[in-house]
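According to the numbering used here, the stretch in the sequence shown is residues 1341 to 1476, in order.
Just so it is clear, CB atoms sit at the ideal spot from N, CA and C, and this is done for glycine as well.
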Amino acid sequence: MSGRHPDKKIFLSDEGGHNMAVYVKFEISQELEEKTAEVVANAEKIKKGANEVTKAVEKGIAKLVVIAQDVQPEEIVAHIPVICDEKGIAYSYSSTKEALGKAAGLEVPTSAIAVVAEGNADELKDLVEKLNGLKA
């Protein structure tokens, strides 16, 4: 019998007692999460899923990346914040895969979304400035 526990979830706990996945680099407010969902919903073109998002970031075409905080195993999306930082692409978080999928107009949950063509440039710019302020 293996000593591995595939169903065991490893979380970091933030000061508020909430569980945070290892790849979550900063906490966003409910208001900012709602604003992020609005930008995703209004986007003209998105890439969905960890693989498509990774490609969009590597090509430099992503304007904003949103990652669900409940992805298991975490390794599926753990690299995305790192490559976003390397490429200078803003990223945010959604509380769940279901909420992210719904914001993107999908009928299924998704682990990550990349906005590649914004619907409202000013709205996106404002959100990116707020997100960059959280990382500073």
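9 Å Cβ cutoff met for residue i and residue j
{"i": "residue 1451", "j": "residue 1376", "result": "no"}
{"i": "residue 1414", "j": "residue 1361", "result": "yes"}
{"i": "residue 1380", "j": "residue 1430", "result": "no"}
{"i": "residue 1448", "j": "residue 1403", "result": "no"}
{"i": "residue 1368", "j": "residue 1471", "result": "yes"}
{"i": "residue 1408", "j": "residue 1439", "result": "yes"}
Residue closest to residue i, alpha-carbon to alpha-carbon, out of the options
{"i": "residue 1385", "options": "1459, 1464, 1431", "result": "1459"}
{"i": "residue 1416", "options": "1364, 1473, 1381, 1403", "result": "1364"}
{"i": "residue 1406", "options": "1441, 1399, 1398", "result": "1441"}
Test: residue i CB closer than 9 Å to a CB of chain D
{"i": "residue 1400", "result": "In the structure shown, chain D does not exist; there is a single protein chain."}
8 Å contact criterion, which residue i and residue j should meet: CB distance rounded
{"i": "residue 1410", "j": "residue 1437", "result": "6 Å"}
{"i": "residue 1397", "j": "residue 1424", "result": "6 Å"}
For residue i, the residue or residues it bridges with in DSSP
{"i": "residue 1453", "result": "1388, 1406"}
Exercise. Which parts of the stretch 1403-1441 are runs of the beta strand (DSSP E), unbroken and 3 residues or longer, counting only runs that do not cross its ends?
Worked result: If we require 3 residues or more, the beta strand (DSSP E) runs fully inside the stretch 1403-1441 come out as 1404-1408, 1430-1434.
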